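Protein sequence lines, in the order shown, are assigned to chains D and G.
Following the numbering used here, the numbering of the first sequence begins with 1 at its first residue and continues without gaps.
Following the numbering used here, the numbering of the second sequence begins with 156 at its first residue and continues without gaps.
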Amino acid sequence: MRVQTADFEVGAEIAALTAGRSDIGAVVTFTGRMRADNAGQPVAGMTLEHYPGMTESELERVEAEAQARWPLQASLIVHRVGTLRPGDNIVLVVTASRHRQAAFSAAEFLMDYLKTKAPFWKKEIGADGRAAWVDARPSDDEAAGRWRRPPAREG
Amino acid sequence: MRVKLLYFAWVREKTGRDEEQVELPAGIKTVAELIAWLQQQGPEYAEAFRRSEVIRAAIDRRHAPPGASIAGASEIAFFPPVTGG
């Protein structure tokens with residue numbers, strides 16, 4: 001888990017995570033990138049603020065939860081902060097497992113959970129130069145909610 | 156009780172500060188009671204905490220619901236719903 005202003009390189013991160021490992025049969029990556037539009041409006045840039053200390057502990061917590069739910073050989077979250085422009089990378093999730101299903105599911109889980117738990121806030125700068133905080137989306141809560149464990153069966 | 160308060164995103168902008176040490180009066184036991192007290196601390200706080208239903212809190216860097224006890228907390232943060240990823 002890393003929080004950084006610098007960009008990341010997906011290939012280099014996969015290589016570092018899998019170096020010397022012959023037990024990993026599947027690697028899934030998700031890269032979140034900044035678009036030049038949001039809700040039909042052009043976006044010129046964005047600043048990402050976070051809560052140093054809590055961010056890291058929340059990301060560690062969601063990674064530990066993913067490791068507990070799926071048989072993962074390795075995982076990584078990299079999230080950028082600071083000033084970003086359209087086309088820039090924002091977030092990287094990498095999951096590695098023996099077989100693909102765990103890696104696919106865990107990658108989705110990590111993204112859904114970090115979007116609702118990790119203390120980051122986006123402020124967008126419009127084409128007119130005006131800045132506005134991005135509102136949280138109910139659809140993100142719904143996406144995270146589908147990972148709630150089903151109630152234990154009776155009997 | 157002396158506690159460090161932190162503010163992020165538009166809560167930070169509206170209060171005009173990112174953190175402060177405050178001495179809380181006795182009787183404030185929960186996050187919701189602390190928000191109600193903060194609303195009384197001046198016009199900038201009243202504005203920052205006006206929509207208290209959308210304010211999220213963390214006690215010692217863990218998410219905390221409005222009813223959570225603040226007893227023993229050393230750091231309490233207030234912020235809008237998170238928008239990372």
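Ideal placement from N, C-alpha and C gives every residue a C-beta, glycine not left out.
Model, not experiment: these values are computed from the prediction.
Under the three-state DSSP convention, the category residue i falls into
i: P198/G; result: helix
i: E154/D; result: In this prediction, E154/D scores a pLDDT of 44, lower than 50, which makes its location untrustworthy; no coordinate-derived value is stated.
i: T116/D; result: helix
i: S97/D; result: strand
i: S22/D; result: coil
i: W147/D; result: coil
Proximity winner among the options, relative to residue i (alpha-carbon distances)
i: L189/G; options: R167/G, K169/G, W165/G and P220/G; result: P220/G
i: D88/D; options: A68/D, L76/D and M34/D; result: M34/D
i: R216/G; options: R69/D, G129/D and A118/D; result: A118/D
i: F204/G; options: K159/G, W165/G and I214/G; result: W165/G
Residues that residue i contacts on chain G, provided the C-beta gap is smaller than 8 Å
i: M54/D; result: A213, R216, R217 and A232
i: W202/D; result: Lying outside 1 to 155, the shown extent of chain D, residue 202/D is not represented and no answer is given.
i: V91/D; result: G239 and G240
Interface flag, residue i vs chain G, CB-CB below 8 Å
i: E154/D; result: Annotation note: pLDDT 44 at E154/D (below 50); position unreliable, coordinate value reported separately. It does not: the Cβ of E154/D has no partner Cβ on chain G nearer than 8 Å.
i: P119/D; result: yes
i: G32/D; result: yes
Cβ-based neighbour list, residue i, same chain, cut-off 6 Å, excluding 5 preceding and 5 following
i: G222/G; result: T185
i: W133/D; result: K123
Contacts of residue i in chain G (Cβ-Cβ under 9 Å)
i: M111/D; result: G240
i: S57/D; result: R216 and R217
i: E63/D; result: Going along chain G, no residue has its Cβ under 9 Å from E63/D, so there is no contact; the nearest lies around 14 Å.
i: G25/D; result: What G25/D touches in chain G: nothing, since even the nearest Cβ is about 27 Å away.
i: E108/D; result: Neighbours of E108/D on chain G: none; closest Cβ ~12 Å, over 9 Å.
Contact list for residue i against chain G, beta-carbon separation under 7 Å
i: L114/D; result: G239 and G240
Nonlocal neighbours in the same chain, by C-beta distance under 8 Å from residue i, ignoring five residues either side
i: V27/D; result: I14, L17, T18, V94, T95, A96 and A103
i: A181/G; result: M156
Same chain, Cβ closer than 7 Å to residue i, neighbours up to 5 away in sequence not counted
i: P52/D; result: none
i: D37/D; result: V43
i: V3/D; result: H50, T55, E56, H79 and V81
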